[in-house]
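Dropping the structure here:
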């Protein structure tokens, strides 16, 4: 399996060099981003447990203040109070936001509009924002269960929490990727970038 991964990695790097020499920008971005994502996935087993532990530990501090729930970082679990009942919420890889962070880093790594230093800064800030967005998502789920009980678990987890998280993430993507490209566009002598500087 390791040999296969090494072969695929070498082929991926070779494909990137061919695409770059051929000045095929879109395909270079596409192949580079997808490949980077799969490379990062190989590190998932080594960082997943530590990340989930830190995530639950930080969010557990809010639970200590509000009294809405108790956290057990070593197990990656929250115990949410509702009247006389307690419901457990387990934070797995999907709920941790790691995959979304890897997607963001992969896209940013091959996004052509930024210089290397700005990519690093934007990457760090973006990952922190995604962490905050995920805190908001999980806290929203916990709050709904705390207020309305276990019947709203599916609604809170599968719908409301996801909507909150992905709307916030789309705003981040718009600011980092789409807005930058729109500002950089020029039509004749008109430039959105110049207009932005005047405001």
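Residue numbers (my numbering): 120 to 318. Just so you know, even glycine gets a beta-carbon here, dropped at the ideal spot from N, CA and C.
- For residue 194, the first and last residue of its enclosing beta strand (DSSP E): Element bounds for residue 194: n/a, residue is neither H nor E.
- N- and C-terminal bounds of the alpha helix (DSSP H) containing residue 263: Per DSSP, residue 263 belongs to the alpha helix (DSSP H) from 235-267.
- Message: By the three-class DSSP mapping on this structure, what secondary structure does residue 210 have?
- Response: Coil, per DSSP.
- If you count every other CB in all the chains shown that lies within 10 Å of the CB of residue 151, and 16 or more means buried, which is it? Buried, since its Cβ has 16 or more Cβ neighbours within 10 Å.
- Message: Quick test of the definition: if touching needs 3 or more C-beta pairs under 8 Å, does the region 163-171 touch the region 225-244?
- Response: No, because fewer than three Cβ pairs between the region 163-171 and the region 225-244 fall closer than 8 Å, the two stretches do not touch.
- Task: With a 10 Å radius around its C-beta and 16 neighbouring C-beta atoms as the bar for buried, classify residue 220 as buried or exposed.
- Result: Only buried fits residue 220, as 16 or more other CB atoms lie within 10 angstroms of its CB.
- Can you tell me the Cα-Cα spacing of residue 177 and residue 149, whole angstroms? Approximately 35 Å between the Cα atoms of the pair.
- Query: Taking the C-alpha atoms as reference points, what is the distance between residue 127 and residue 218?
  - Reply: Distance between residue 127 and residue 218, taken at the CA atoms: about 21 Å.
- Is it the case that the Cβ atoms of residue 225 and residue 293 are separated by a distance below 7 Å? No, the pair does not count as a contact, with Cβ atoms beyond the cut-off.
- Query: Do the region 178-187 and the region 258-277 touch if we need at least three Cβ pairs shorter than 8 Å?
  - Reply: Counting C-beta pairs closer than 8 Å gives three or more between the region 178-187 and the region 258-277, which meets the contact rule.
- Can you give me the start and stop residues for the alpha helix (DSSP H) that residue 168 sits inside? Taken as a continuous stretch (DSSP letters only), the alpha helix (DSSP H) holding residue 168 covers 163-185.
- Query: In whole angstroms, what separates the C-alpha of residue 257 from that of residue 161?
  - Reply: Their backbone Cα atoms lie some 26 Å apart in a straight line.
- Name the two residues that bound the continuous alpha helix (DSSP H) containing residue 223. Here the alpha helix (DSSP H) through residue 223 covers 217-228.
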